[in-house]
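Asks: Here it is, the structure in full.
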Amino acid sequence: MTSQVSSPAEQTDGTVVGEQRTAAGAKDVRRLDRVIIRFAGDSGDGMQLTGDRFTSETASFGNDLSTLPNFPAEIRAPAGTLPGVSSFQLHFADHDILTPGDAPNVLVAMNPAALKANIGDLPRGAEIIVNTDEFTKRAMAKVGYDTSPLEDGSLDGYQVHPVPLTTLTLEALKESGLPRRDAERSKNMFALGLLSWMYHRPTEGTEKFLRAKFAKKPDIAAANIAAFRAGWNFGETTEDFAVSYEVAPAATAFPPGTYRNISGNLALTYGLIAASRQADLPLFLGSYPITPASDILHELSKHKNFGVRTFQAEDEIAGIGAALGAAFGGSLAVTTTSGPGVALKSETIGLAVSLELPLLVVDIQRGGPSTGLPTKTEQADLLQAMYGRNGEAPVPVVAPRTPADCFDAALEAARIALVYRTPVFLLSDGYLANGSEPWRIPELEELPDLTVQFAQGPNHTTADGAEVFWPYKRDPHTLARPWAIPGTPGLEHRIGGIEKQDGTGNISYDPANHDFMVRTRQAKVDGIDVPDLDVDDPDGARTLVLGWGSTYGPITAAVRRIRKEGGRIAQAHLRHLNPFPRNLGEVLRGYDTVVVPEMNLGQLATLIRAKYLVDARSYNQVNGMPFKAEQLAAALKEAIDD
Numbered sequence: 001m002t003s004q005v006s007s008p009a010e011q012t013d014g015t016v017v018g019e020q021r022t023a024a025g026a027k028d029v030r031r032l033d034r035v036i037i038r039f040a041g042d043s044g045d046g047m048q049l050t051g052d053r054f055t056s057e058t059a060s061f062g063n064d065l066s067t068l069p070n071f072p073a074e075i076r077a078p079a080g081t082l083p084g085v086s087s088f089q090l091h092f093a094d095h096d097i098l099t100p101g102d103a104p105n106v107l108v109a110m111n112p113a114a115l116k117a118n119i120g121d122l123p124r125g126a127e128i129i130v131n132t133d134e135f136t137k138r139a140m141a142k143v144g145y146d147t148s149p150l151e152d153g154s155l156d157g158y159q160v161h162p163v164p165l166t167t168l169t170l171e172a173l174k175e176s177g178l179p180r181r182d183a184e185r186s187k188n189m190f191a192l193g194l195l196s197w198m199y200h201r202p203t204e205g206t207e208k209f210l211r212a213k214f215a216k217k218p219d220i221a222a223a224n225i226a227a228f229r230a231g232w233n234f235g236e237t238t239e240d241f242a243v244s245y246e247v248a249p250a251a252t253a254f255p256p257g258t259y260r261n262i263s264g265n266l267a268l269t270y271g272l273i274a275a276s277r278q279a280d281l282p283l284f285l286g287s288y289p290i291t292p293a294s295d296i297l298h299e300l301s302k303h304k305n306f307g308v309r310t311f312q313a314e315d316e317i318a319g320i321g322a323a324l325g326a327a328f329g330g331s332l333a334v335t336t337t338s339g340p341g342v343a344l345k346s347e348t349i350g351l352a353v354s355l356e357l358p359l360l361v362v363d364i365q366r367g368g369p370s371t372g373l374p375t376k377t378e379q380a381d382l383l384q385a386m387y388g389r390n391g392e393a394p395v396p397v398v399a400p401r402t403p404a405d406c407f408d409a410a411l412e413a414a415r416i417a418l419v420y421r422t423p424v425f426l427l428s429d430g431y432l433a434n435g436s437e438p439w440r441i442p443e444l445e446e447l448p449d450l451t452v453q454f455a456q457g458p459n460h461t462t463a464d465g466a467e468v469f470w471p472y473k474r475d476p477h478t479l480a481r482p483w484a485i486p487g488t489p490g491l492e493h494r495i496g497g498i499e500k501q502d503g504t505g506n507i508s509y510d511p512a513n514h515d516f517m518v519r520t521r522q523a524k525v526d527g528i529d530v531p532d533l534d535v536d537d538p539d540g541a542r543t544l545v546l547g548w549g550s551t552y553g554p555i556t557a558a559v560r561r562i563r564k565e566g567g568r569i570a571q572a573h574l575r576h577l578n579p580f581p582r583n584l585g586e587v588l589r590g591y592d593t594v595v596v597p598e599m600n601l602g603q604l605a606t607l608i609r610a611k612y613l614v615d616a617r618s619y620n621q622v623n624g625m626p627f628k629a630e631q632l633a634a635a636l637k638e639a640i641d642d
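So in our numbering, the last one in the sequence shown is 642, and the numbering has no gaps at all.
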């Protein structure tokens, strides 16, 4: 039996909101409203796997959550160095949350490099669980520690738990028969077991996962499970951890439905499959592996049973060329890449504009230019998506705002491509691609009908009465041309990159015809039906914060902070970046101040200023990491006060 002892509630910063005390001698259980945990170690220490498993169990428990994986660009960075640190941050709560959190409450540091790389992000009083076995003189010297931070008093402001993770893991596995090196690799599971005990996470799912993952190596599976259980038991028995914590399920945060934890790339993949099924078209992906888009290729390749065909090409140009060929053949065609790949694909995107065929160009943005920061996030491909082609080659642009929203954004991009016969950019980024959150699995009847009508026969009567097929005779409402499957009798037509004559599709060098075709293709994109922009403005604010893409979470969290403190600020977020919503100009002119936070040097703000002559203020960051809510809130307060 337990009894509740009241304790001051401090909902805003995620500290104790209640405490349970058990029988004499048992450990206390404290209730929290939210927690931010960061696992950090070498890129070979399994931090991403550890974080993924903790996240999966947290999702099954019913908490709202948001994650931020962060790993080196090198496949195997030098062990024990600062550039080689890999981390995984998880924010989970008993209420609706929007970001992975600004500052961890708990840091699990597997070595000195992990401690040094992350200590600056921790608030005073945070808990630090340190693998003391790795704090050798050589390891500390490698990252610039002259003395041990565990002994020199530099960590006095934190709650430090020194744990010999490696030694304890080896002790737990001494009867396993594994070589020492293999046994040591299970120390991340020991850490996961300890954290699972600390926060009352379920354990059955992790053990089932380990059995499945190492099904062909049962000794490795048994070792990982033993280390995981040993970590749990260590937390239960050691005197160093006198308190465990509970974060209740977020019962009121979600509408009714069936939920699962999902990353942005996985949600986008499922969205593409759903779009192909709703359109009753085969899905074809032509792609070349590139970080952080490769997971889409990997996942789609598993779903041949849904009519999916994946082609890993020899380069980016071949990938999009194959995809455009599949579009010509009647498939829902997709190519996936990141910024450097978009540059290589630009000529073929222009060809798709000229041919007026549906094609989804999925750009998972990363830090640039050139190779840049391949494992870090950025929003710096917007102008490339808008204008990065020769000639007048307009392309619609759609951007998801959260990992789960990547599913809906994929459906919307497919709708535009299929209805208007045009290539469409889908701009996600590394933060969304690798991050995860709960996603409500939609019912089938909630999905849009994307059924396509292919051309079946002649569509034009010539002056002499002949029935012919004109490949560029347009729908009067959408300006889309007919989509004719190659090999259909009577629908033979010319295809290629040279300018076509309006209607007939014959090659044309006529200046007036070229002018007409250029303007028509632009009018088709300008006329795409997109919803009006929704504005969240409950208090009649004079300042509007306008965002796009993955800035949604940090912006919304910052807006909530400002309103909670009595400030008045309005918020709007763009999904459609080309064309803009038709009411955007009216919305912008309704505010004295417009602030546009972006993870670039002001690309959306440049477009807004040029099109609407509004003096939008840029707030920019290009450090490879997402905005922090506190940071944005401070900037927005300054804008309100000006």
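Even glycine gets a Cβ: it sits at the ideal position worked out from N, Cα and C.
Report yes or no: do three or more beta-carbon pairs, one from the stretch 469-480 and one from the stretch 498-512, lie closer than 8 Å?
Replies: Short answer: they touch.
Asks: Taking Ile-75 as the reference, give the member of Thr-67, Leu-65, Ser-86, Ser-66 with the closest Cα.
Replies: Ranking Thr-67, Leu-65, Ser-86, Ser-66 by Cα distance to Ile-75 puts Ser-86 first.
Asks: Please classify Gly-84 as buried or exposed, where buried requires at least 16 neighbouring CB atoms within 10 angstroms.
Replies: When all chains shown are included, Gly-84 counts as buried.
Asks: If you reduce the DSSP assignment to three classes, tell me which class Asn-118 lands in.
Replies: Reduced to three states, the DSSP call for Asn-118 is helix.
Asks: Taking only the alpha-carbon atoms, compute the straight-line gap between Leu-636 and Gly-553 and give it to the nearest angstrom.
Replies: C-alpha separation (whole angstroms): 15 Å.
Asks: Taking just the CA atoms, how far does Val-361 sit from Glu-443?
Replies: Glu-443 and Val-361: Cα-Cα distance of roughly 27 Å.
Asks: How far does the beta strand (DSSP E) with Phe-284 in it reach, from first residue to last?
Replies: Here the beta strand (DSSP E) through Phe-284 covers 283-287.
Asks: Which full runs of the alpha helix (DSSP H) of 4+ residues lie inside the stretch 387-460, going along the chain?
Replies: With a minimum length of 4 residues, the continuous alpha helix (DSSP H) runs that stay inside the stretch 387-460 are 405-420, 430-434.
Asks: Three Cβ pairs or more, each shorter than 8 Å: is that satisfied between the stretch 274-293 and the stretch 312-326?
Replies: These segments touch.
Asks: Does the structure place the stretch 530-537 close enough to the stretch 601-610 that three or more beta carbon pairs sit under 8 Å?
Replies: The stretch 601-610 is not in contact with the stretch 530-537.
Asks: Would you list the residues sitting across from Lys-500 in a DSSP beta bridge?
Replies: DSSP, once it has assigned bridges, lists Ile-507 as partnering Lys-500.
Asks: Taking DSSP's pairing of strands, which residues face Asp-42 in a bridge?
Replies: DSSP output for Asp-42 lists Val-85 as bridge partner(s).
Asks: Between the stretch 37-50 and the stretch 175-195, are three or more C-beta pairs nearer than 8 Å?
Replies: Yes, the stretch 37-50 touches the stretch 175-195.
Asks: Can you tell me where the beta strand (DSSP E) with Arg-30 in it begins and where it stops?
Replies: From DSSP, the beta strand (DSSP E) with Arg-30 extends over 28-32.
Asks: Can you tell me the Cα-Cα spacing of Glu-204 and Trp-439, whole angstroms?
Replies: Spanning the two alpha carbons is a distance of roughly 22 Å.
Asks: By the DSSP assignment, the beta strand (DSSP E) with Asp-64 in it spans what residues?
Replies: From DSSP, the beta strand (DSSP E) with Asp-64 extends over 64-70.
Asks: Closest to Asn-261 by C-alpha separation, out of Leu-418, Gly-527, Arg-53, would be which residue?
Replies: Minimum Cα distance to Asn-261 is reached at Arg-53.
Asks: Quick one: what does DSSP say Ile-97 is sitting in, helix, strand or coil?
Replies: Three-state DSSP puts Ile-97 in coil, outside helix and strand.
Asks: Give the DSSP-derived three-state secondary structure of Tyr-552 in the structure shown.
Replies: Note: Tyr-552 maps to helix in three-state DSSP.
Asks: Within 7 Å (strictly less), CB to CB, does Glu-134 reach chain D?
Replies: No chain D appears in the structure shown, which is made up of a single protein chain.
Asks: Could you work out which residue in Pro-394, Phe-306, Ile-36, Thr-422 is closest to Leu-357 when comparing CA atoms only?
Replies: Of the candidates Pro-394, Phe-306, Ile-36, Thr-422, the one whose C-alpha sits nearest the C-alpha of Leu-357 is Thr-422.
Asks: Taking Ser-331 as the reference, which of Gly-193, Ala-293, Arg-277 has the closest Cα?
Replies: Out of Gly-193, Ala-293, Arg-277, Arg-277 has the C-alpha closest to the C-alpha of Ser-331.
Asks: My assumption, with CB atoms under 8 Å, is that Leu-150 sits in contact with Val-130. Please give the rounded CB distance.
Replies: Leu-150 to Val-130, Cβ: 6 Å. Contact.
Asks: Is Ala-24 helix, strand or coil when you go by DSSP?
Replies: Because the pLDDT at Ala-24 is just 47, under 50, the model does not fix this residue reliably, and the value given afterwards should be weighed accordingly. Coil.
Asks: What's the call for Asp-666, buried or exposed, on a 16-neighbour Cβ count within 10 Å?
Replies: With the chain covering 1 to 642 only, the question about residue 666 has no answer from this structure.
Asks: Apply the 10 Å Cβ neighbour rule to Val-596 and answer buried if 16 or more other Cβ atoms are within range, or exposed otherwise.
Replies: With 16 or more other Cβ atoms within 10 Å, it is buried.
Asks: Leaving out the 5 sequence neighbours to the left and right, which residues in its chain are closer than 7 Å to Asp-280 when beta-carbon positions are compared?
Replies: Counting only Cβ-Cβ distances below 7 Å, and skipping sequence neighbours, we find Thr-451.
Asks: Between Ala-215, Ala-250, Leu-300, which has its C-alpha nearest Ala-268's C-alpha?
Replies: The sequence given here places Leu at residue 268; Ala does not occur at that position. Considering only alpha carbons, the answer is Leu-300.
Asks: Roughly how many whole angstroms lie between the Cα atoms of Ser-148 and Met-110?
Replies: Taking the straight line joining both Cα atoms gives about 15 Å.
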